[in-house]
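Q: This structure is in structure tokens; I'll ask about it shortly.
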Amino acid sequence: MASLTGAHTTSPANVQLRRKKVPWTAKEEELLKMGVRKFTSVNDRNIPWKKILEFGSSVFLMGRTTIDLKDKWRNMCKGSPRAK
DNA sequence: CTAGGGTTATAA
DNA sequence: TTATAACCCTAG
Numbered sequence: 222m223a224s225l226t227g228a229h230t231t232s233p234a235n236v237q238l239r240r241k242k243v244p245w246t247a248k249e250e251e252l253l254k255m256g257v258r259k260f261t262s263v264n265d266r267n268i269p270w271k272k273i274l275e276f277g278s279s280v281f282l283m284g285r286t287t288i289d290l291k292d293k294w295r296n297m298c299k300g301s302p303r304a305k
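The following block contains the structure:
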């Protein structure tokens, strides 16, 4: 008994607050670009992230949300033009 | 549901 | 310390 091996499934101390910092995969960026390029229209000012997420829900990582897509796209587009 | 802002963590 | 990438919360 006394099997105090701890370690359940995620690192020594369980990280309850804030998810793990998982870097986006190349497939994610590709699918995101493809979805936006294939969905967004000249009539649709906004971006149907919801549709895009469902479009590649099989490839997207687990725990990804529409907020994350918008965030990545914005953070990328902001630091894309003109390398600082 | 989509858009914007603020904060945290990691790398250079 | 600064910059980059990612995550969470709030507002329209």
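Numbers 222 to 305, taken from my numbering, label the letters of the first sequence in order.
We put the CB at the ideal spot given by N, CA and C, even for glycine.
Nothing here was measured: the structure is a model prediction, and the numbers come from that model.
(1) Would you check if the distance between the CB atom of Leu274 and the CB atom of Thr261 is smaller than 8 Å?
(2) How far does the alpha helix (DSSP H) with Val280 in it reach, from first residue to last?
(3) Following the continuous alpha helix (DSSP H) through Trp294, name the residue where it begins and the one where it ends.
(4) Whose CA, out of Gly300, Lys242, Asp265 and Phe281, lies closest to the CA of Leu253?
A: Based on what the coordinates show:
(1) no
(2) Careful: Val280 lies outside any alpha helix (DSSP H) and carries neither H nor E.
(3) Thr287 to Lys299
(4) Phe281
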